[in-house]
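If you read the sequences in order, they're chains A and B. Converting from the first sequence to the working numbering requires adding 31 to each position, the first position being numbered 1. With the first letter of the second sequence counted as 1, position 114 gets the number 110 in the working numbering; the numbers rise by one all the way through.
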Amino acid sequence: MSEDDVRFEGDGVVYDPLPRPRTEPLVWVRGRVTWVGDGQVRIDGHLPFHHVVGWPDADEGLLGRWVEVRLSPSASAVERVVHAPPLAPFPKTGGDWLALQRDERAVIRRLEARAKGLATIRRELSRQQFLEVETPLAVPSPGLDVHLAAFDVHGMRAPRWLITSPEYQMKRLLAGGLPRVFQLARCFRKDERGDRHEPEFTMLEWYRAFEGSDALMRDTEEIVAALASALRGTTTLSIDALGTRSEGTDLVPPWDRVSVDEALRLHAGTSLAEILPDEERFFFVWSHEVEPKLGFERPVFVVDWPASMASLARLHPDRPAFADRFEAYVCGVEICNGFGELIDPIEQRARLVRDQEERRARGLPVYPLDERFLGALEEGLPPCAGNAMGVDRVLALVLGAASVADVMAFGSDRL
Amino acid sequence: MYEMSDIRKNLKVVLDGAPYTVVEFQFVKPGKGQAFTRTRVRNLLTGNVVERTFKSNESLEKADVEERQYSFSYKEGDSYVFMETKTFEQLHISAQQLGDAVNFMQDGMLVDVLFWNEKPIGVTPPTFVELKVIETEPGFKGDTSTNTLKPAKMDTGATVMVPLFINEGEVLKVDTRTGEYVERIRTK
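Have a look at this one:
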């Protein structure tokens, strides 16, 4: 072998900022460094942590530090060049090194899988001529849904809130002439914290002009199946995540469909007509009895939501008692909420004003109407459908994470 | 008062006038719908675990509970006398209040006493205790299987199911949470 070629072994960490080979390479290492001979350098002590980590003849303060060394193949020697000053013991309890490296680098492997998942989503949507966009996170109205609470943003020239979803701005792009757009948006929802919720999370939101809910449901099926193939190498997923499990959920399209009424009859022994006057009871029964049973053998789309829960969906053209809205459930976990979008500006304004009144009556903050959003509808939003998918939830289900925070670099409790 | 966003495991709250500890909680929110916090809570007086669901606008009363360390001094009639390890203050607890812990009391044993509104409501002995066998059927030498068990009476009054090879006079490690035999302690 050539003299200027240095190879590394051992479980230590080497970071080589320059391309090799070269004669006297400078590298950063973390671990015990020994010259094995024959151009070979051993670096030990990366894992496990009870190993003594550091320079063989170093003072205690150097243990575990990143150390820059000069490797000299001609002299078969290593030489310490400089080191970062130690400020805390290594590894530090509660520190980031332990948090990211523990359980055989589980966090790092999940972050790598997450990056691959995001790339898969972009590839799937770009393939169909969707344009990726980024819209502002601090907006003049965060949406008026009575069940969502937004964070105030201070210090801007006008009142602003963090988005709970990028819906208004994406529809403005549709009105402006973009027929297919998608966004991987950070969204923020106050007071939502649990295994399946984080106050800050990533939403995939996408819209198709001149198409309806069916096309969006097909997209959803394909994206989730593509994620499972890319990250787990299969479309039959055994799931143990987010407090739920299944032996094998078959993700191959098409998924099942069930109406809200059917789901209530099947899983809760009641019906929409019976329960609906009491909306609070509906939500209780839905979240406690129905949701946990949906989508185990195959994912299921829940369709035909009552018109009173239309949100920003249009009403079914031929059945106005129902909203053109769908949600998908995988293994008892809701992963998305999509609409055949409401494009009527008069009806939209009426609904938003009604939501404002409801918020006022409940003592909730009353956010302003977004006049530019309403203006886009007045100017002409094309008939369209859109869907919003919780990316962290889907990744958690595919990767077997106990909570959505486990597929993020830092959950809110690590900040 | 605790808001729903304050809910954590081991939080001590008052429900229906009794102190509870949160064993498990889950934030539940249907898409575009009302949020609930679904919990499993344990009654600190009875030990019963129940499920309770709260709406997001509900709040919970904080339970004034506190745990302090005591050592067991002596038994006086039906009452057990403990001493606070820092202040040496004495505390009388009845056998009934002690519950299962009554079977494991040894002189000088350190226990955690749980107080609610300054009244003792529970005593937690150490997880593992070493007890001496004072009465059991003679052991079968050579039968080292731990599958077949027999009852043995211990010096603290507890009856523990032990393997057949255990003899009177031997010292055993016992798990106070389950009252089960763990292992034989080699006599030094």
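Note that beta-carbon positions come from the ideal geometry of N, C-alpha and C, so glycine has one too.
- Taking C-beta separations shorter than 7 angstroms and ignoring five residues to either side along the sequence, the partners of S196/A in its chain run G174, C218, M234, E236 and A419, following chain order.
- Here A299/A carries a helix assignment [DSSP, helix/strand/coil].
- DSSP, read as helix, strand or coil, puts I374/A in coil.
- If you compare the alpha carbons of E164/B, F161/B, T155/B and L160/B with that of V170/B, the shortest gap goes to T155/B.
- Secondary structure at R48/B: strand, using DSSP grouped into helix, strand and coil.
- For M150/B, same chain residues with a beta-carbon under 7 angstroms away, outside a window of 5 residues either side, are L127, K128, V129, I130 and V156 in chain order.
- L129/A counts as exposed, since fewer than 16 other C-beta atoms from the protein chains shown sit within 10 angstroms of its C-beta.
- In terms of beta-carbon proximity, P26/B lines the interface with chain A, with at least one pair separated by less than 8 angstroms.
- Exposed is the label assigned to R350/A, since fewer than 16 other Cβ atoms lie within 10 Å of its Cβ.
- A direct Cα-Cα distance of roughly 35 angstroms separates L56/B from F327/A.
- Within 8 angstroms of the CB of A31/B, the CB atoms of chain A belong to H178, D222 and E223, in sequence order along the chain.
- For W128/A, the enclosing alpha helix (DSSP H) begins and ends at D127 to R158.
- Less than 8 angstroms divides the Cβ of V429/A from the Cβ of R263/A.
- In the assembly as shown, I306/A is a buried residue. Its beta-carbon has 16 or more other beta-carbons within 10 Å.
- With distances taken between CA atoms, H298/A lies nearest to G363/A out of G363/A, D245/A and D250/A.
- Nearest to I139/A by alpha-carbon distance, out of L446/A, S443/A, D444/A and D437/A, is D437/A.
- Residue pairing by DSSP places H228/A opposite G225/A in a beta bridge.
- Beta bridge pairing from DSSP links R211/A with R239/A.
- For L7/B, the closest of R38/B, F23/B and G13/B by C-alpha to C-alpha distance is R38/B.
- Secondary structure within the region 15 to 100 of chain B: the alpha helix (DSSP H) runs of 4 or more consecutive residues, fully enclosed, are 91 to 94 (chain order).
- Inter-residue distance for Q387/A and D176/A is about 9 angstroms (C-alpha atoms, whole angstroms).
- The C-beta separation of V333/A from L325/A comes to about 7 angstroms, placing the pair in contact by the 8 angstroms criterion.
- Counting every other CB atom within 10 Å of its CB across the protein chains shown gives R393/A a total below 16, marking it as exposed.
- For R153/A, the closest alpha carbon among the candidates D375/A, N368/A and E253/A is that of E253/A.
- Taking 7 angstroms as the cut-off between beta carbons, the residues of the region 297 to 311 of chain A near chain B are E311, in sequence order.
- Per DSSP, V361/A is one residue of the beta strand (DSSP E) stretching across R356 to V361.
- When DSSP reads this structure, P159/B sits in a beta bridge with L145/B.
- Using a CB distance cut-off of 8 angstroms, H319/A counts as an interface residue toward chain B.
- Look at the region 322 to 337 of chain A: the residues with a C-beta under 7 angstroms from a C-beta of chain B are E322.
- Look at the region 68 to 91 of chain B: it has no residue with a C-beta under 8 angstroms from a C-beta of chain A.
- For I254/A, the enclosing alpha helix (DSSP H) has its first and last residue at S244 to R263.
- The three-state secondary structure of V164/A, taken from DSSP, is coil.
- Y360/A sits buried, since 16 or more C-beta atoms from the chains shown fall within 10 Å of its C-beta.
- Residue state for I3/B is assigned as coil, using DSSP reduced to three classes.
- Looking at the DSSP output, I270/A shares a beta bridge with S277/A.
- As a beta-bridge residue in DSSP terms, S290/A pairs with V334/A.
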